[in-house]
Amino acid sequence: PEAITVQELANRMAERGGEVVKTLMKMGVMATITQTIDADTAELVVEEFGHRAHRVSDEDIEVGLKREDEDETDLQARPPVITVMGHVDHGKTSLLDALRKSDVAGGEAGGITQHIGAYQVEVEGGQRLTFIDTPGHAAFTDMRARGATVTDVVILVVAADDGIMAQTVEAISHAKAAGVPIVVAINKIDKPGADPNRVMTELLQHNLVPESMGGDIICVPVSALSREGLPDLIESILLQAELLDLKANPGRPAEGTVIEARLEQGRGSVATVLVQRGTLRVGDIFVAGSESGRVRALINDRGERVEEAGPSVPVEVLGLTGTPDAGEDFVVVEDDARAREVASFRAERKKRAQQAATAKGRGSLEQMLS
Ligand code: GDP
Ligand code: MG
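Note that the numbering used here gives residue 1473 to position 298 of the sequence shown, counting from 1, and the numbers run on in steps of one.
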């Protein structure tokens, strides 16, 4: 190509856009980040940067993006985030459905609900719980692979008539690796062949010692079908959550994780985001993985438009430039320039990582401009 935008050139050199603008200015070229410059000018810029040892590292671009420090006095209790795991057909979906019907805030039980991959339930006493409802383990594994920690508690579902199976073992190791406490739901106790004691004995083989056997693993016999034991299960989860002393600061720009994302006809890219810190609002400018955008609308798990979403609240976000991946971070930033800078840098980094096998070193100008 004969020409390149300043931003694109900056990305390819892994430099900040602002630095390239400054360098151009010194060369007597007045160009904004979105403007196009010709190949000769680009070459001069590349030479200029080539003389410098300085290079913006991946870390630099991320500096200040997330605010890790929190003033203790800003922290407020937040609902626990729970993932249901277990072997296929042991009743994960049934249990999630049953738990969802325990909601006392949503009007009639079983009313029209939106599938957004996560939902929140308010139980008697006014406490709220957030459930991640992404089919299979894939989401959990993907998220862990990306270093995202979204779950506070894992409900391990084990069918009382089947016992511990391959995917149960897998789920146990995921939960252990993530350092997340496990509450065991021994499901299908309504069935004739149900044997909760056998399940508890099997748990021992995986170093999970049930409370009734002197350990610290809470096991709750339940039936997703008859709803027996559900209040006990909810109580056990709340107990675990209390021990974890879960808190977040709602009074700051939002940070969270993408739970699900897809391209929808007529709506554009839509992402379900779990807000983990701060409060997300309509109009906020954000980075989501290597995409960015401005929140056009927020939709809750009941399909209602909302103006904001606080810690542990899952919400659908409209207004993305593209579709991020599940498990990628979602961070509100101060302005559009910052959002695009981080997003395009990350996109470039992804591309570089993909090309790493073939490309050697920094590459020639021809490669950069091609
Ligand atoms: P998943 O694959 O873990 O999501 O399991 P499902 O929720 O799809 O349940 C698998 C099958 O077990 C379905 O036919 C359910 O109706 C049945 N099931 C789930 N929970 C119970 C239960 O508590 N009692 C009985 N009898 N059947 C159940
Ligand atoms: Mg299922």
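All C-beta atoms in this analysis are idealised placements derived from N, C-alpha and C, irrespective of residue type, glycine included.
Does the Cβ-Cβ distance between Val1359 and Ile1307 come in under 8 angstroms?
No, Cβ-Cβ distance for Val1359 and Ile1307 is not below 8 angstroms.
Note down, in chain order, each residue of its chain lying with its Cβ closer than 7 angstroms to the Cβ of Gly1286, except the 5 sequence neighbours on either side.
Low per-residue confidence applies at Gly1286: pLDDT is 49, beneath 50, and the placement is therefore not dependable, though the value from the model is reported in the following sentence. Excluding residues within five positions, none has a Cβ falling inside 7 angstroms.
Under 8 angstroms between C-beta atoms of Val1490 and Ile1474:
Taking C-beta atoms as the reference points, Val1490 and Ile1474 count as a pair closer than 8 angstroms.
Does the distance from the C-beta atom of Leu1438 to that of Glu1483 stay below 8 angstroms?
Taking 8 angstroms as the cut-off, the Cβ atoms of Leu1438 and Glu1483 do not count as close.
Tell me whether Ser1348, by its Cβ, gets closer than 7 angstroms to a heavy atom of the ligand GDP.
Because no heavy atom of the ligand GDP lies under 7 angstroms away, the Cβ of Ser1348 does not count as near it: no.
State the CB to CB distance for the pair Val1507 and Ala1429, rounded to an integer number of angstroms; the pair is presumed to be in contact (CB under 8 angstroms).
Between Val1507 and Ala1429 a beta carbon distance of about 5 angstroms is seen, short of the 8 angstroms cut, so the two are scored as contacting.
Span of the beta strand (DSSP E) holding Leu1192?
Note on identity: in this sequence residue 1192 is Gly, with Leu being the wrong assignment. In the DSSP assignment, Gly1192 falls outside any beta strand (DSSP E) and lies within the alpha helix (DSSP H) extending over 1192-1201.
Those runs of the beta strand (DSSP E) which lie wholly inside the region 1416-1469 and span at least 3 residues:
You should have 1430-1439, 1443-1452, 1460-1463.
Taking the straight line between their C-alpha atoms, what separation do you get for Ser1277 and Ser1411?
Cα to Cα, the separation comes out at about 15 angstroms.
In the region 1470-1496, which residue ranges form an unbroken beta strand (DSSP E) of at least 3 residues, counting only runs that do not cross its ends?
Under the rule that a run must span 3 or more residues, the beta strand (DSSP E) segments found entirely inside the region 1470-1496 read 1489-1495.
Enumerate, from N- to C-terminal direction, the unbroken beta strand (DSSP E) stretches of 3 or more residues contained entirely within the region 1343-1422.
Listed in chain order, the complete beta strand (DSSP E) runs (minimum 3 residues) inside the region 1343-1422 are 1357-1362, 1393-1396.
Can you give the beta carbon distance from Lys1471 to Gly1441, rounded, assuming they're within the 8 angstroms contact cut?
First, the residue type needs correcting, since residue 1471 is Arg and not Lys in the sequence shown. In fact, because the Cβ distance is near 13 angstroms, the residues do not count as touching under 8 angstroms.
Is the beta carbon of Asp1547 less than 8 angstroms from the beta carbon of Asn1424?
Residue 1547 falls outside the range modelled here, since the chain spans only 1176 to 1545, and no answer is possible.
Say yes only if the C-beta of Lys1267 is nearer than 7 angstroms to one or more non-hydrogen atoms of the ligand MG, and no if none qualify.
Shortest gap from the CB of Lys1267 to any heavy atom of the ligand MG: under 7 angstroms.
Compare the Cα-Cα distances from Asp1327 to each of Leu1199, Pro1356, Glu1299 and report the closest residue.
When C-alpha distances from Asp1327 are compared across Leu1199, Pro1356, Glu1299, the shortest belongs to Pro1356.
Rounding to the nearest angstrom, what Cα-Cα distance links Gly1426 and Arg1275 in this structure?
Inter-residue distance for Gly1426 and Arg1275 is about 28 angstroms (C-alpha atoms, whole angstroms).
Between Gly1368 and the ligand GDP, is the CB less than 7 angstroms from at least one heavy atom?
No - the ligand GDP has no heavy atom lying nearer than 7 angstroms to the Cβ of Gly1368.
Could you pull the DSSP bridge partners for Thr1258 from this structure?
According to DSSP, which records beta bridges pairwise, Thr1258 is partnered with Ile1307, Val1329.
Determine contact between the region 1204-1218 and the region 1177-1187, defined as no fewer than three beta-carbon pairs at a distance below 8 angstroms.
Yes, they touch.
Given a cut-off of 8 angstroms, decide if Gly1261 and Ala1341 are closer than it, judged by their beta-carbon atoms.
Contact: no.
Should Gly1502 go down as buried or exposed, given a rule of 16 or more other Cβ atoms within 10 Å for buried?
So Gly1502 counts as buried.
Looking at the ligand GDP, does it come within less than 7 angstroms of Lys1525, judged from the CB to the closest heavy atom?
Checking the 7 angstroms criterion, the Cβ of Lys1525 is out of range of every heavy atom belonging to the ligand GDP.
Tell me whether Leu1400 counts as near the ligand GDP, meaning its Cβ is closer than 7 angstroms to at least one heavy atom of that ligand.
For the ligand GDP, a non-hydrogen atom lies closer than 7 angstroms to the CB of Leu1400.
Do three or more CB pairs link the region 1370-1379 to the region 1291-1305 at distances below 8 angstroms?
Look at the beta carbons and you see the region 1370-1379 not touching the region 1291-1305: under three pairs across the two are nearer than 8 angstroms.
So the candidates are Arg1452, Ile1409, Ala1463; which of them puts its Cα closest to the Cα of Val1433?
Ranking the options by Cα distance to Val1433, first place goes to Ala1463.
What does DSSP give as the partner residues of Val1508 in its beta bridges?
According to DSSP, Val1508 bridges with Ile1460.
Quick one: what's got a C-beta closer than 7 angstroms to Val1547's C-beta in the same chain, skipping five residues either side?
There is no way to answer for residue 1547, as the model of the chain reaches only from 1176 to 1545.
Neighbourhood of Ala1528 by C-beta, 8 angstroms cutoff - its chain only, sequence neighbours within 5 removed:
Non-local C-beta neighbours of Ala1528 in its own chain, meaning closer than 8 angstroms and more than five positions away in sequence, are absent.
Taking 7 angstroms as the limit between beta carbons, can you name the residues of its chain near Arg1521, skipping five residues before and five after?
Cβ within range, chain order: Gly1464, Ser1465.
Please return the same chain residues whose Cβ sits closer than 6 angstroms to the Cβ of Gly1368, not counting the five positions on each side in sequence.
Taking C-beta separations shorter than 6 angstroms and ignoring five residues to either side along the sequence, the partners of Gly1368 in its chain run Asp1336, following chain order.
In whole angstroms, what separates the C-alpha of Arg1187 from that of Asp1500?
Going from the Cα of Arg1187 to the Cα of Asp1500 covers about 23 angstroms.
C-beta atoms of Gly1390 and Val1384 nearer than 8 angstroms:
Cβ distance < 8 angstroms, so Gly1390 and Val1384 count as in contact.
When DSSP labels each residue in this structure, what does Asp1213 get in the three-state scheme?
Asp1213 falls in the strand class under three-state DSSP.
Assuming Ile1330 contacts Val1279 (C-beta within less than 8 angstroms), just tell me the rounded distance between them.
Incorrect: roughly 20 angstroms between the Cβ atoms, too far for contact.
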